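Asks: Just so you know, the protein sequences line up as chains E and S, in that order.
The numbering used here applies: residue 9 is where the first sequence begins, and numbers increase by one.
The numbering used here applies: residue 9 is where the second sequence begins, and numbers increase by one.
Number of protein chains: 2
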Amino acid sequence: MKNINTETIKKLIDENNVKELRDIFIKVPPIDLADCCNELEDIKDLVFLFRYVKSEYTADLFAELKQEKKEELINALSDGELATLLLKQANDDVTDFIEELPANVVSRVLKNVQKDKRNQINALLNYKEHTAGSIMTTEYLELLDTFNVDEAIQTIRKIGKEKETIFTLFIRDKERSLVGELGLDDLIFANSSDCLKDIMNKTVITVNVNTDQEEVAKTMKRYDLHAIPVLNDDQKLVGIITIDDALDVMEDEASEDFIQMGHVSPIENSYLQTGVIKLAFKSVPWLIILMVLGVFTSLILSNFQDTLALLPVLTVFIPLLMDAGGNAGNQSTTLIIRGLAIGEIKVKDYFKIVWKEFRVALLCALILAIACFSWLLIEMYIGIVNYPLEETLATLDSLGVFKARLMIALAVTITIFVDVIFAKILGVSLPIFVKLIKLDPALISSPFLTTIIDIITLVIYFVTSVYILHLVV
Amino acid sequence: MKNINTETIKKLIDENNVKELRDIFIKVPPIDLADCCNELEDIKDLVFLFRYVKSEYTADLFAELKQEKKEELINALSDGELATLLLKQANDDVTDFIEELPANVVSRVLKNVQKDKRNQINALLNYKEHTAGSIMTTEYLELLDTFNVDEAIQTIRKIGKEKETIFTLFIRDKERSLVGELGLDDLIFANSSDCLKDIMNKTVITVNVNTDQEEVAKTMKRYDLHAIPVLNDDQKLVGIITIDDALDVMEDEASEDFIQMGHVSPIENSYLQTGVIKLAFKSVPWLIILMVLGVFTSLILSNFQDTLALLPVLTVFIPLLMDAGGNAGNQSTTLIIRGLAIGEIKVKDYFKIVWKEFRVALLCALILAIACFSWLLIEMYIGIVNYPLEETLATLDSLGVFKARLMIALAVTITIFVDVIFAKILGVSLPIFVKLIKLDPALISSPFLTTIIDIITLVIYFVTSVYILHLVV
């Protein structure tokens with residue numbers, strides 16, 4: 009059944025073949041169905057599906073549709089149909105898609121939701137974005153600690169179907185405080201007369217409604233949890249977060265870090281779903297900031313204009329050197345930012361890291377310097393690049409062509425050596441410093457790193473050149 | 009109990025306080041214990057824990073220890089103790105840590121493992137790295153399709169404890185073929201006399217032993233699976249992968265992509281656990297490749313030496329322009345690489361993406377050009393940067409200072425405008441092209457992008473300058 013596609017579905021809809029459609033809905037996973045249905049151009053086709061295929065099948069499909077299709081569909085359905093549809097949706101899913109709907113559609117949705125569900129959704133809508141509260145669901149299963157295993161299983165059978173998960177059960181006492189948790193597997197392994205109080209796990213790992221969602225995902229990964237309870241400030245259980253939601257968060261946060269390293273502000277939706285103007289405005293601010301930071305490079309270059317005028321060939325190596333420093337520094341920054349992001353590196357490890365990076369840098373610088381010197385000599389010898397050496401010779405008139413080449417290559421090589429060491433030490437220091445002052449290393453480190461390294465590179469280069477080549481300005 | 013630390017544990021070991029230690033082992037999650045125990049310097053302390061605290065508690069701790077501690081501990085334990093320890097370890101965990109052990113330790117470990125477990129581990133060790141086979145576990149629960157719910161629950165109670173998960177149950181027929189799967193929750197909701205054949209889910213999503221682990225994680229995320237069955241080439245069930253392992257894979261792959269964007273080859277362990285020499289050798293090759301690619305920039309610069317000699321002030325803007333192009337291109341590349349990585353962008357979307365990016369680029373280029381022109385005038389006017397304009401004036405002798413400034417700013421601005429458009433179109437094209445020829449976009453795109461953009465930038469810059477400033481070389 010895997011070769012289902014939009015055409016097949018469209019054909020069955022046109023033929024009014026509800027039976028075959030139901031059959032497909034049973035066999036094909038909702039996410040695959042959604043991929044097809046997202047391509048249906050006429051919203052009437054989608055309405056047909058939601059009207060005539062049983063709602064127990066279409067509920068899951070709705071959850072997987074893309075936002076714009078959800079909105080179109082809501083507008084096309086009658087109040088009664090909308091109410092039926094919403095009844096089967098998980099509260100956290102409703103909250104998710106409501107957040108991006110226009111106000112008039114939101115109020116229509118809320119009007120057609122059962123009263124107690126509406127209250128829960130309203131509560132969820134009030135939590136700040138990116139907190140545990142905003143991604144949790146209120147449909148969890150809570151059992152009294154005085155229940156025995158048999159009573160617990162009976163309760164689960166009665167009310168478990170409407171819950172987000174029954175793999176993890178939360179145990180409360182009479183005062184409605186969370187006192188333990190229990191895996192469904194442990195319930196199966198226990199004797200039917202065992203009291204939950206005696207078999208439950210008493211050290212429950214929890215998060216607060218205001219905990220950052222990234223922190224929640226990290227905690228769930230660290231402790232291999234299928235679901236984590238969310239407590240309010242009074243330490244009462246108000247919701248749970250399941251592993252599939254944590255997975256989405258992890259992916260979103262990884263994307264965010266990744267994208268920020270490319271100097272784009274995080275985009276909420278996918279590239280294809282984000283508008284042109286929004287994409288441009290996520291990119292432009294960084295380009296301007298980076299351009300303005302470039303003033304420092306210009307400053308140094310204009311200060312060394314006289315040296316460059318004396319020996320124009322020096323210009324040729326500026327991009328090479330700036331790139332080498334930038335790349336070396338960026339390598340280190342990248343490793344540290346990722347380490348900080350997944351919590352494997354702590355700010356307190358700073359000195360350990362610098363000492364390690366110093367040795368790494370020394371080794372890298374040495375190898376790169378040897379490679380650079382050899383490469384430059386090859387480059388000059390076979391003449392891939394046409395260095396205007398006549399002027400060089402005029403300036404360095406005491407030297408022959410060969411020696412002049414050697415000295416220039418040496419100046420470049422020494423710069424690379426010193427530069428790589430500086431760049432790598434700075435590359436590990438900057439993100440840790442940024443983290444220390446509670447800013448986001450992925451966002452801040454790289455542009456400033458590049459600017460600082462550019463400046464350092466140019467200064468080292470000019471000082472070395474003047475010294476080695478005895479240039480008197 | 010959260011404030012447990014290495015000192016507390018060390019103290020209790022020194023006091024031989026086994027009772028209190030057992031208490032801690034019951035209450036503190038293994039991963040937190042492992043963090044403490046990793047810091048115990050004397051391996052004898054760790055041996056004490058594994059010798060005197062019950063093995064049902066220490067088994068989980070062992071799984072969470074870092075690799076070097078595992079190795080030390082294995083060397084310090086007697087054969088009998090090692091056998092007891094290994095008995096409680098999941099096969100996939102044993103495979104994981106065995107892969108990085110020295111050969112003599114591996115053979116000692118395998119010698120002390122029960123025979124059938126050894127066979128399974130050996131089989132796992134034979135799968136290629138990064139495939140489903142290499143991360144799966146053989147400890148899954150399989151039920152016959154003719155069982156009824158009661159028989160199923162009895163079987164689970166009998167043998168389920170040794171299995172990796174019982175949340176997803178796999179159903180086979182008499183020919184040992186996988187015919188369905190069933191969530192433990194559905195088993196609970198079913199009637200005790202229902203036959204598994206009738207209540208199981210018949211469309212099972214599976215992967216092959218050779219499927220790439222990244223693909224496995226993506227599939228599990230797409231279908232919200234807690235466990236996925238792994239089939240061999242004969243379509244027989246040979247193992248399962250659980251969601252916690254998929255989560256680790258997702259994080260590793262996200263790290264890999266992230267780190268590659270910083271031009272570091274992927275490192276297997278964390279930064280702190282990777283040796284200095286290894287780190288250096290993960291960095292150096294890229295630095296050398298990037299340096300060699302730099303030859304093209306040098307080539308262009310040396311070709312335009314005469315123009316630069318005529319108007320040295322042009323040099324001052326080279327880094328600014330190269331950075332602007334590089335940054336703009338990188339922004340686009342980053343978005344596309346991430347989109348490709350999470351499967352949201354397909355190669356077939358190419359023309360849609362180019363058209364979108366062209367409009368984004370146009371908008372970005374326009375805004376940046378306006379910002380650049382204004383900024384350059386401000387820079388020149390308040391004299392933050394000291395541009396040697398006298399020479400400029402000599403070259404452009406027909407113009408006054410103000411007009412000369414204006415013309416230079418104009419040349420730079422036009423370059424930025426054209427450059428940003430080129431860079432962004434190239435930025436989306438290159439990763440898609442790299443993906444098309446089946447290479448890794450995260451690895452290949454960025455260095456070549458930078459090189460190509462550097463070249464384009466310089467050519468545009470010099471051509472524009474010569475034209476606008478009427479420089480005759």
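The beta-carbon is built from N, C-alpha and C at its ideal position, and this holds for glycine as well.
Everything numeric in this text was worked out from a predicted model, so none of it was measured.
Express the C-alpha separation of E/I129 and S/L343 in angstroms, rounding to a whole number.
Replies: Distance between the alpha carbons of S/L343 and E/I129 is about 33 angstroms.
Asks: Quick one: is S/Y65 buried, meaning 16 or more other Cβ sit within 10 Å of its Cβ, or exposed?
Replies: Buried, because 16 or more other Cβ atoms sit within 10 Å of the Cβ of S/Y65.
Asks: Under 8 angstroms, Cβ to Cβ, is there at least one residue of chain E near S/E352?
Replies: Cβ-Cβ to chain E under 8 angstroms: yes for S/E352.
Asks: Using three-state DSSP, classify E/G191 as helix, strand or coil.
Replies: It is a strand residue.
Asks: Measuring CB to CB, does S/L466 end up less than 8 angstroms from S/L319?
Replies: For S/L466 and S/L319, no; Cβs fall outside 8 angstroms.
Asks: Rounded to the nearest angstrom, what separates E/E23 and E/P37 at their Cα positions?
Replies: Answer to the nearest angstrom: the Cα atoms are 23 angstroms apart.
Asks: On the DSSP bridge list, what partners appear for E/T176?
Replies: For E/T176, which the question treats as bridged, DSSP gives the partners E/G191.
Asks: Going by beta carbon distance, what residues of the same chain come within less than 6 angstroms of S/K78, once the five residues before and after it are set aside?
Replies: Same-chain partners within the cutoff: F105.
Asks: At a CB distance below 7 angstroms, what residues from the stretch 233 to 247 of chain S approach chain E? Give them in sequence order.
Replies: Flagged: no residues at all.
Asks: Helix, strand or coil for S/P237, going by three-state DSSP, please let me know.
Replies: Strand at S/P237.
Asks: In whole angstroms, give me the CA-to-CA distance for S/Y475 and S/M269.
Replies: About 37 angstroms.
Asks: Less than 8 angstroms between CB atoms is the rule here; does S/L204 satisfy it with respect to chain E?
Replies: So no, S/L204 is outside the interface.
Asks: Below 8 angstroms on the Cβ atoms is my contact criterion, and I expect S/I82 with S/V117 to pass it. Report the Cβ-Cβ distance as a whole number of Å.
Replies: With 8 angstroms as the limit, S/I82 and S/V117 qualify as a contact, their Cβ atoms being about 6 angstroms apart.
Asks: Which value, in whole angstroms, describes the spacing of the CA atoms of S/V157 and E/F70?
Replies: C-alpha separation (whole angstroms): 31 angstroms.
Asks: Of the residues S/G333, S/N25, S/K18 and S/V61, which one's Cα is nearest the Cα of S/C45?
Replies: Comparing Cα positions, the closest option is S/K18.
Asks: In whole angstroms, give me the CA-to-CA distance for S/F441 and E/K244.
Replies: Their Cα atoms are separated by approximately 53 angstroms.
Asks: Checking contacts by CB at 8 angstroms: is E/M9 closer than that to chain S?
Replies: In this predicted model, E/M9 has a pLDDT of only 45, less than 50, meaning its place in the structure is not dependable; the value taken from the coordinates is given anyway. Chain S, which has a Cβ nearer than 8 angstroms to the Cβ of E/M9, makes this yes.
Asks: Suppose you measure from the CA of E/A419 to the CA of E/I345; what does that come to, to the nearest Å?
Replies: E/A419 and E/I345: Cα-Cα distance of roughly 33 angstroms.
Asks: Report the residue from E/L192, E/T219 and E/E170 whose alpha carbon sits nearest the alpha carbon of E/E137.
Replies: Measuring from the Cα of E/E137, the nearest candidate turns out to be E/T219.
Asks: Can you tell me whether S/W363 is buried or exposed? The criterion is at least 16 other CB atoms within 10 Å of its CB, across all chains shown.
Replies: So S/W363 counts as exposed.
Asks: Where do the ends of the alpha helix (DSSP H) carrying E/T66 lie?
Replies: Residues S63 to E72.
Asks: Taking a contact to mean a Cβ-Cβ separation below 8 angstroms, would you say E/V215 touches E/G188 in this structure?
Replies: No, the Cβ-Cβ distance between E/V215 and E/G188 is not below 8 angstroms.
Asks: Report yes or no: do three or more beta-carbon pairs, one from the stretch 287 to 295 of chain S and one from the stretch 280 to 291 of chain E, lie closer than 8 angstroms?
Replies: No: fewer than three Cβ pairs fall under 8 angstroms.
Asks: In this structure, what does DSSP give as the bridge partners for S/C203?
Replies: Per DSSP, S/N156.
Asks: For E/F359, count the other beta carbons within 10 Å of its own beta carbon; 16 or more makes it buried, fewer makes it exposed. Which is it?
Replies: With fewer than 16 other Cβ atoms within 10 Å, it is exposed.
Asks: Return the chain-ordered list of same chain residues with a C-beta closer than 6 angstroms to the C-beta of S/D427, the five sequence neighbours on each side being excluded.
Replies: Only G333, T465 and I468 meet the Cβ criterion.
Asks: S/M9 to E/H234, Cα distance in whole Å?
Replies: For S/M9, the pLDDT reaches just 45, beneath the cut-off of 50, and the residue's location in the model is therefore unreliable, although a value from the coordinates is still provided. Taking the straight line joining both Cα atoms gives about 22 angstroms.
Asks: Where do the N-terminal and C-terminal ends of the beta strand (DSSP E) with E/G247 fall, by residue?
Replies: Its beta strand (DSSP E) spans residues L245 to T250.
Asks: Ignore the nearest five residues each way along the sequence and tell me which others in E/V26's own chain have a CB closer than 7 angstroms to its CB.
Replies: Hits under 7 angstroms: Y60 and V61.
Asks: Measure the Cβ-Cβ separation of S/A377 and S/F430 and say whether it is below 8 angstroms.
Replies: Result no, Cβ atoms of S/A377 and S/F430 do not sit closer than 8 angstroms.
Asks: Is there contact here, the stretch 198 to 205 of chain E with the stretch 188 to 206 of chain S, by at least three beta-carbon pairs under 8 angstroms?
Replies: Touching, no.
Asks: If you draw a straight line from the alpha carbon of S/D181 to that of S/K74, how long is it in whole angstroms?
Replies: Cα-Cα distance, rounded: 41 angstroms.
Asks: State buried or exposed for E/K210, treating a residue as buried only when at least 16 other CB atoms are found within 10 Å of its CB.
Replies: Classification of E/K210: exposed, given that the 10 Å Cβ count is below 16.
Asks: Pick from E/D124, E/K96, E/I285 and E/D53: whose alpha carbon is nearest that of E/D68?
Replies: For E/D68, the nearest C-alpha among the options comes from E/K96.
Asks: Excluding the five sequence neighbours on either side, which residues of its own chain have a C-beta within less than 6 angstroms of the C-beta of E/R367, listed in chain order?
Replies: There are no such residues.
Asks: Can you tell me whether E/E147 is helix, strand or coil according to DSSP?
Replies: In the structure shown, E/E147 sits in coil (DSSP, three-state: anything other than H, G, I, E or B).
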